[in-house]
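In my numbering, the protein residues as written are 116 to 918. Glycine included, C-beta positions come from ideal geometry on N, C-alpha and C.
The structure is reproduced here in structure tokens:
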């Protein structure tokens, strides 16, 4: 990798993140990062400067790299420090040859990942002739200040030479992509991303950090070089109009010394450069992360990485109206100084009410791994296919932080015979997709939710080719069983156990998954033995069965907005209007959806109503007071004269006639609490439930869920009470799948945004005291391990054995 500057590891730039990602891959042998060649005199001149200046850090870092002191594992860093008066390109080529030899790197079998503009970049390519060339363009240097016609012409020639014959060209934002089209028309837009495992080192002896940490009011922070793009007029207004706020500016002023005048303001702290290992500790002190950029050519052609840093650390963002700002619910752009300041004030007011799940979702969906996996996979696949002496192997995608007995591969349909090597595992899941990147979440879910060892293959292919590709897979595979899915598939937990048992119990039939959201549509989500699948493809008559417990939802249907003329009536109420005790809803069933986002709630409720199969009141309860799901549900239920209350959330993906099925089962069984098939708990918890109102009011007065809990465990308590009283029923064919994939990608329960230790401890206490004296403990003592000692309970269950 050839980086165009001399600040590797200082700021956590894009090049650092790309190098980190590449080094994490098992199919990459070594990553060598070469900072820009630097004249020895120029380097020594950097060994000075004030604390505002990056030069001392650049000097120390470059010297360390020159001494080979910045190597980590299989990631190596080198830099050519030379005498400009005596040395040039020939000496640089010799230096590189020595580096390659010392590290046993063959340039002809390597990928050159380059960041134009690069000194001597054209000569490097011509001399070493690498196997692949990637041009990662993060700046259009022609848009920088003070670029005259001569310099512009030189840059045009450089970009032409570097990009025209590149194997891949990447840009970080659309304007840069468009500006580079004249040199290469095959450009992939790969925006900046989130470091999902950022370093957080406390700078305990740093006086600025101590001041920020001890500040009692809001902290408005900025991270980045304080160049001419910074709107100092805006910052001065912010300082004057918000005197209780501390404005923290982190970054070098070397390119814009006049900005240092801001430090004279009483509530402004300018820390100078903070190296990347410490930046997370500072950012986590911010109340608001700022992007106070002016609109200019420079900001028109950049994708601010700082936004991703802020959001990764759960800090909301207020930015000016510059382009290419990352899109997130917690990013507010402002068209004027007044709007910017007002947005900052509003975010401060709402700060404690923001949902961590939104931050986590953004970080996951915009991680560097998600950005780079498919690009790198295809790059390495192409490289490997050119070498007749190398085995064409599928690329293992390293899923950081996930614990599952599965390997995930992206394979090329043209190399199936070499890709499907025997692994000793008996089951493989095949995820067909038109774009590999779109299928990674589905692949990870099949791996994570199987609870058994298997391999997962992502196969980019046109839908019309799926059958032919499947025939090839079945021809070459050594697996006994295959799960077939696509990029939209969302499997339930323990899907493999349900699918395998259904296959055995049906004497080897094809098992088609029940599909949440499906309106009797026949999906190709199926599981069977390879021999049965071969028979099916050959035209033989094959027995097919469906098991509701084997649930694989098609998430495209969860975003179905209905027809443009859809007038499905939905009631919307605000918690501020719930004081009236008079019933407002008269139907026998009332479906209550507490939520915060009105539009998303209405669209989800419309889908739920269209698929319900029975008449009911559908109520979107807007929690504008941020009082929580439980209290909002209970208040709304009091306004209904219904026999049954259904509680659910806007992430529920409904199955066909989900409500009618539940209602009929409750009536037939004469029970009081029904757990829908949410795809997670299999009846152990009524995460989405249907409750007979008069029965539950016997225990909780006028509440559906116990209000002592803040946000967690109330559904556990209700389920245990209903089971103890023989009033509980689970309906696996009444499908309300919980679309909560991010929770599966967390290491443990405590990382969930709605988890609190207080709720967990309260449930333990109430479980042991009869839920406040409501029940005799002996009625449900047998459930103790199932609800309070999950690991012990899990060990007591039968282990899935696949023959």
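Comparing alpha-carbon positions, which option in 799, 757, 805 and 763 lies nearest residue 780? 805
Considering only residues of the same chain and omitting the five flanking positions on each side of residue 331, which have a CB-CB separation below 6 Å? none
Give me the residue from 911, 281, 733 and 704 with the minimum Cα distance to residue 717. 733
Cut-off 7 Å between Cβ atoms - residues of its own chain near residue 159, not counting five sequence neighbours on either side: none
Between the CA atoms of residue 490 and residue 210 - distance to the nearest angstrom: 30 Å
Rounded to the nearest angstrom, how far is the Cβ of residue 405 from that of residue 384, given a contact under 8 Å? So it is not a contact: roughly 13 Å between Cβ atoms.
Do residue 788 and residue 801 come within 8 Å of each other at the CB atom, strictly closer than that value? yes
Which residue spans inside the region 164-222 form an unbroken alpha helix (DSSP H) run of at least 4? 170-181 and 204-217
Are the CB atoms of residue 422 and residue 440 within a distance shorter than 8 Å? yes
As assigned by DSSP and simplified to three states, the class of residue 838: helix
Give a single yes or no on whether residue 335 has its beta carbon closer than 7 Å to a heavy atom of the ligand HEM. Inclusion of the ligand HEM in the displayed structure is not the case, the ligand content being empty and no account of it being possible.
My parser needs the alpha helix (DSSP H) runs of 4 or more residues fully inside the region 710-772; what are they? 713-725 and 744-752
Helix, strand or coil: how does DSSP classify residue 553 here? helix
Can you check whether the CB of residue 314 is closer than 8 Å to the CB of residue 387? no
Only counting the same chain, and skipping five residues up and downstream in sequence, which positions put a Cβ closer than 7 Å to that of residue 823? 877
For residue 847, the first and last residue of its enclosing alpha helix (DSSP H): Where residue 847 is concerned, there is no enclosing alpha helix (DSSP H), although the beta strand (DSSP E) it sits in stretches over 843-853.
Member of 427, 435 and 399 whose CA lies at the smallest distance from the CA of residue 415: 435
Between the CA atoms of residue 670 and residue 945 - distance to the nearest angstrom: Because the chain in this structure spans residues 116 to 918, residue 945 falls outside the shown range and cannot be described.
For residue 890 and residue 836, what's the separation of their Cα atoms in angstroms? 8 Å
Check the Cβ-Cβ distances between residue 411 and every residue of chain B, and say whether any is below 8 Å. Within the model displayed, chain B is absent; a lone protein chain is all it includes.
Return the CA-CA distance between residue 283 and residue 796, expressed in angstroms with no decimal places. 45 Å
Hey, how far is the Cα of residue 295 from the Cα of residue 587? 40 Å
Taking DSSP's pairing of strands, which residues face residue 149 in a bridge? 117 and 193
If we call anything under 8 Å between Cβ atoms a contact, is residue 572 one with residue 526? yes
Bridge-paired residues (DSSP) for residue 642: 598 and 626
Taking only the alpha-carbon atoms, compute the straight-line gap between residue 885 and residue 129 and give it to the nearest angstrom. 56 Å
How would you call residue 169, buried or exposed, if buried means at least 16 neighbouring beta carbons within 10 angstroms? buried
Can you check whether the CB of residue 420 is closer than 8 Å to the CB of residue 374? no
With DSSP as the reference, label residue 436 as helix, strand or coil. coil
Helix, strand or coil at residue 390 [DSSP, three-state]: coil
Helix, strand or coil: how does DSSP classify residue 919 here? Not covered by the structure: residue 919. The range shown for the chain is 116 to 918.
Cβ shell of residue 220 (< 7 Å), same chain only, five flanking positions each side left out: 145 and 147
For the alpha helix (DSSP H) containing residue 905, name the first residue and the last one. 905-911
By Cβ distance below 7 Å, which residues in the same chain neighbour residue 746 in space, the five residues on each side in sequence not counted? 822
Would residue 706 pass as a contact of residue 668 if the rule is Cβ separation under 8 Å? no
Could you compute how far the alpha carbon of residue 912 sits from the alpha carbon of residue 900? 12 Å
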